[in-house]
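Step one of this worksheet: look at the structure below.
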Amino acid sequence: MSIQSVLFDAPGPKARARIRLINGIGAVLAIGLLIYLGFALYDAGQLSPEKWTVFLKADIWAYYLLPGLLATLKAAALSIITGTVFGLIFGLGRLSENKIINGISSVVVEFFRAVPVLLMMIFFWLILGRADIFDPAQTPFIAVVLGLTLYNGSVIAELIRAGVHGLPKGQREAGIAIGLTRGQCLRLIEIPQALVAMLPALISQFVVVLKDSALGSIITYSELLNMAKLVGTGNSNVMQALAVAALIFILINFGLSKLATLASHRLSSRGIATEGPLIPGMPEEMDIDTEPAKP
């Protein structure tokens, strides 16, 4: 029995007819709104070919959109790497039995999860700009990476902690029974399985990283959204430029979402169990003398 069937009664014929009616009315209203917006944009000249054909020019892509896309992917990729490392470190810290390490890790993770990403980007941008430590041209990029790393790394730390807590406790007990320490059980048995189990959620978090990188346009980072606005301002077609940038983001995020779905289906079809010995270097079969000891 599914959870939905327990929490809610299955709709009867009248309820299903009512749902179809409401869905039909909603669809008609949505189509009507789209038609109205289409005519409004047409009357305002926003659908004229001149405003769209500019994106067929090679120099627009070579000097604006492609460099902006590359900057977006660079910031997102570096943030994913550093965020994953951050998440592993503080995820392990939150799983530690040492109260001091656990407490510090919990405070760090909860703090950076609570602070908005944009606020952290602006903070690091201002601090690094005044400190004059890095090249001023690189300050926006570093601020974007730091903001994305701290926020998404905290989320990844929580994903790892939840993944470990979701594993059967018998695995840890079995590891301790064969002589492993608590840290070895965590490092060799639980963390690898938690990462595999949480892989779809991790990939979905990478989508969040890619989308949040667009916030860098506010601190003058030359990512895709910022470069699209430059194209729109120079050619008097800001709406069209933003639409093209949105389409690029949608295509990339759609690909990542499909990858997360594929990973989820693959894991569901084969399970979490792996072949081979549980611990590297340990034989798959162990000869154990089951005869009782002679007095």
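Numbered according to full-length UniProt numbering, the sequence shown spans residues 1 to 295.
Glycine included, C-beta positions come from ideal geometry on N, C-alpha and C.
Note that this is a predicted model, so its numbers are computed, not measured.
{"query": "Which class does Phe134 belong to by DSSP, given the choice of helix, strand or coil?", "result": "coil"}
{"query": "I believe Gly83 touches Leu159 by the beta-carbon criterion, under 8 Å. Please report the beta-carbon distance rounded to the nearest angstrom.", "result": "Gly83 to Leu159, Cβ: 11 Å. No contact."}
{"query": "Please report the distance separating the alpha-carbon of Ala243 from that of Ile176.", "result": "56 Å"}
{"query": "By Cβ distance below 8 Å, which residues in the same chain neighbour Gly161 in space, the five residues on each side in sequence not counted?", "result": "It is Arg, not Gly, that sits at residue 161 in the sequence shown. Taken in chain order, the residues that qualify are Gly91, Arg94 and Leu95."}
{"query": "Between Ala194 and Ala114, what straight-line distance do the alpha-carbon atoms span, to the nearest angstrom?", "result": "24 Å"}
{"query": "Rounded C-beta distance between Ser213 and Thr72? I'm assuming under 8 Å.", "result": "5 Å"}
{"query": "Three-state secondary structure (DSSP) at Ser96?", "result": "coil"}
{"query": "Assuming Ser204 is part of the alpha helix (DSSP H), what are its boundary residues?", "result": "Leu199 to Asp212"}
{"query": "How far does the alpha helix (DSSP H) with Gly170 in it extend, from its first residue to its last?", "result": "Lys169 to Ala177"}
{"query": "Quick check: Gly232 and Ala246, are their CB atoms within less than 8 Å of each other?", "result": "no"}
{"query": "Contact defined as beta carbons within less than 8 Å: I believe Tyr151 pairs with Phe112. What is the distance between those atoms, to the nearest angstrom?", "result": "6 Å"}
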